[in-house]
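**Student:** So the number in my numbering is just where the residue sits in the sequence shown, counting from 1, plus 42.
C-beta atoms are modelled at their ideal positions from N, C-alpha and C, and glycine is treated no differently.
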Amino acid sequence: MNRLRLTQTLRAGRWRVPSLLLIVATGLSVCSCKETNGPSSEHRSAGVRGETTGARGPSQTVELVNSGARGVVEFSLEARPGDWELSPGHRLQALTYNGTVPGPTIRANVGDNLVIHFKNSLTEPTTIHWHGLRISPEMDGAPASQRPVAPGETFEYRFTVRDAGTFWYHPHVNESHQMEHGLYGAIVVAGPTEPKVDADHVLELDDVRLDDADQIAGSSVRDIRPGRYGNRLVVNGKTDLEIAARAGEVQRWRLINVANARYFRVGLESGQLQVIASDGGFAEAPRIVDDLLLAPGDRYEVLVTGMGAPGTTTRLLSLPVQRSLGGHGPGGRRTGMGGHHARRRHGMASAEETSTRLLTVRYSEASPLRQRDVVVPFQSLPSLNIEGITPTIVRLGDRGCCGRARFTINGASHPNVPALHARVGETQVWHIINDTHGPHPFHLHGYFFQVLGGNAEQPVRAWEDNVHVPAGGQVQIAFRPEGRPGRWLYHCHILEHGEHGMAAELLVTEDIGSRDATAPAQQKPHE
Ligand code: C2O
Ligand code: CU
């Protein structure tokens, strides 16, 4: 594992500014450290029951943690109607996991075996999809591989977590309704080496649409085309989230866009973000940005250094997301020290074109901490050999309008899109072409991919499972199914698009001989 040493550089003059400033990577020195084994392989016998820790873990979310011991993490999740307290005294009738929105944050270590006793206490079928976890297709919770859990029934999810990083879980049945009503939660998997930070916050970015009675509004066919946007921005289910900080401390923020359709562009009121990880864990190198665009489904981890003076506050903002139809050419504005954030240029219009507060950082009165080093275990990623591979074309389209809008992949709508095929060990190159006037976040189940180019060109190599494909643009990805043959879903993560046709299956087989195992795709239960 390569470890790059980041040195925090604080300039005395900045201390008066009530803002957060990022640690800056200076003199990156690489040391080769002996690969440490996953910690858990030997101690898997003890069934440790995950505890729900009180009401306030970091960032005010409830946690399910492996209480110290390594090995088996066992806990219960129940999907059930419940209250969602948006702000003090403002309760929404919602759908919850274990009674909270977001659902409990699941914390585990790489190598842990998770056992989740799931109960569906909703009045409709549901599943849990473990977004980003490399698990077997039977446990993936997608309609391609799991029959939905009927109301009143239970299902036991069992899998081993293989990768460190920030993931999330959500239903894969009637998602646009169930997720809008609050069914989602975060998964944090720790690796053998983690940066030593002063605080580690999961920040689940969402929006929710309220009606005149201040309850969650019903849906409309007008939501299909753009996807459902909300009229309140929430972080960890709150419109008024506050994070406590001490001046000078370094915090790790794990951003997850759990919204139905909204792209979030986030930035600090003053200061920058140091991106250290994306969907599939640590990137190859850090990059410093003014702001970050998160498509629905995306995760980024950033380090933030509290540069505000004791007793002051600063804010994380939701910045305007400009409509961009063209993914072509260098037309976009570039700003910031990094200046490389190509994705920012390709957002779509949001309801408000002004900046909105997402959360407040409140500095304690304590004296500023001294600067110190934070070591981030950046991973060196294999470069996939794509020479001579014929790209697979995945063309995202739409047809019809209004209430009858359908979204397509290669001209057909789910469940009638012919499955794509891949063999275990065979590198895939996909050209994802967006032939529509709106953006689509492309999500692949089961495997991480690298973005090779196109309009989502990335300045540093990283593993992704979700990528923004701008309107009229295209993105090239490569991945190699390393095992786990089966039926995997890929789809647009704007939930309304996925439900109205922009979804399909990838059939991964052990060898080419078993190709005729193709059976008609299972119909989504709500269609
Ligand atoms: Cu997060 Cu198939 O989804
Ligand atoms: Cu879409």
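Measuring from the CB of H485, is there a heavy atom of the ligand C2O at a distance below 6 Å?
**Tutor:** yes
**Student:** Rounding to the nearest angstrom, what Cα-Cα distance links G350 and I148 in this structure?
**Tutor:** 31 Å
**Student:** Thinking C-beta only, is T450 closer than 7 Å to G543?
**Tutor:** Against a cut-off of 7 Å, the Cβ pair of T450 and G543 comes out as a contact.
**Student:** Buried or exposed, going by whether 16 or more other CB atoms sit within 10 Å of the CB of I435?
**Tutor:** Exposed, since its Cβ has fewer than 16 Cβ neighbours within 10 Å.
**Student:** What is the DSSP secondary structure of Q135, counted as helix, strand or coil?
**Tutor:** In the structure shown, Q135 falls within a strand segment according to DSSP collapsed to helix, strand and coil.
**Student:** With 16 as the cutoff for other CB atoms within 10 Å, does K280 come out buried or exposed?
**Tutor:** buried
**Student:** To the nearest angstrom, how far is the alpha carbon of W530 from that of G290?
**Tutor:** 45 Å
**Student:** Report all residues from its chain with a CB closer than 8 Å to the CB of P357; omit the five preceding and five following residues, and keep chain order.
**Tutor:** In the sequence as presented, Pro is not what sits at residue 357; that position holds Arg. L310, E311, R399, L400, L401, T402 and V403.
**Student:** If distances are taken between C-alpha atoms only, which option among L164, M181 and R441 comes closest to Q192?
**Tutor:** Checking the sequence, you will find Ala at residue 192 rather than Gln. When each option's Cα is compared against that of A192, the closest is L164.
**Student:** DSSP three-state label for G279, please.
**Tutor:** coil
**Student:** The ligand CU and M544: does the residue's C-beta get closer than 6 Å to at least one heavy atom of that ligand?
**Tutor:** yes
**Student:** Less than 6 Å separating the Cβ of I177 from some heavy atom of the ligand CU?
**Tutor:** No, since every heavy atom of the ligand CU falls outside the 6 Å radius drawn around the Cβ of I177.
**Student:** DSSP state of G540, grouped into three classes?
**Tutor:** The answer is helix: DSSP assigns G540 an H, G or I state.
**Student:** Measuring CA to CA, which of Q492, P213 and P501 is closest to I519?
**Tutor:** Q492
**Student:** Please give the ranges of any beta strand (DSSP E) in the segment 296 to 367, keeping only runs that are unbroken, at least 3 residues long and fully inside the region.
**Tutor:** Runs found: 306 to 310, 315 to 320, 323 to 331, 333 to 336, 341 to 348 and 355 to 361.
**Student:** Tell me whether P179 sits in a helix, a strand or coil according to DSSP, three-state version.
**Tutor:** helix
**Student:** Can H539 be considered in contact with the ligand CU, in the sense that its beta carbon sits closer than 6 Å to one or more heavy atoms?
**Tutor:** yes
**Student:** Runs of 3 residues minimum, wholly inside the segment 410 to 475: which ones carry the beta strand (DSSP E) assignment?
**Tutor:** 415 to 418, 434 to 441, 448 to 451 and 462 to 465
**Student:** Go to Q516, then tell me how far its beta strand (DSSP E) extends in each direction, as first and last residue.
**Tutor:** Q516 to F521
**Student:** Distance, Cα to Cα, I229 vs G322?
**Tutor:** 12 Å
**Student:** Can you give, in chain order, each stretch of the beta strand (DSSP E) that sits fully within the segment 142 to 194 and has at least 3 residues?
**Tutor:** 147 to 151, 155 to 162 and 171 to 173
**Student:** Candidates V511, G272, P481 and P130: which alpha carbon is nearest G495's?
**Tutor:** Check the Cα spacing between G495 and each of V511, G272, P481 and P130: the tightest is with V511.
**Student:** Which residues share a DSSP beta bridge with P123?
**Tutor:** L137
**Student:** Helix or strand or just coil, what does DSSP make of L549?
**Tutor:** Three-state result, L549: strand.
**Student:** Are G224 and V143 closer than 7 Å when you measure CB to CB?
**Tutor:** yes
**Student:** Tell me whether H171, by its Cβ, gets closer than 6 Å to a heavy atom of the ligand C2O.
**Tutor:** yes
**Student:** How would you call H479, buried or exposed, if buried means at least 16 neighbouring beta carbons within 10 angstroms?
**Tutor:** exposed
**Student:** Answer yes if the segment 153 to 169 comes into contact with the segment 125 to 136, meaning at least three C-beta pairs across the two stretches below 8 Å, and no otherwise.
**Tutor:** no
**Student:** Using the Cα positions of E198 and E541, report the straight-line distance between them to the nearest angstrom.
**Tutor:** In a straight line, the C-alpha of E198 is about 25 Å away from that of E541.
**Student:** Thinking S218 and N299 are a contact (beta carbons under 8 Å), I'd like their distance in whole angstroms, please.
**Tutor:** The pair is not a contact, with the Cβ atoms about 15 Å apart (cut-off 8 Å).
**Student:** Considering only C-alpha positions, which residue in the set E538, R200 and A513 is nearest to Q364?
**Tutor:** The residue with the shortest Cα to Cα distance from Q364 is A513.
**Student:** For the ligand CU, is there a heavy atom less than 6 Å away from the beta-carbon of H243?
**Tutor:** no
**Student:** Going straight from the alpha carbon of S425 to that of G141, what length do you get?
**Tutor:** 44 Å
**Student:** With hydrogens ignored, establish whether the beta-carbon of G113 is closer than 6 Å to any heavy atom of the ligand C2O.
**Tutor:** no
**Student:** Quick one: is the Cβ of G339 within less than 6 Å of any heavy atom of the ligand C2O?
**Tutor:** yes
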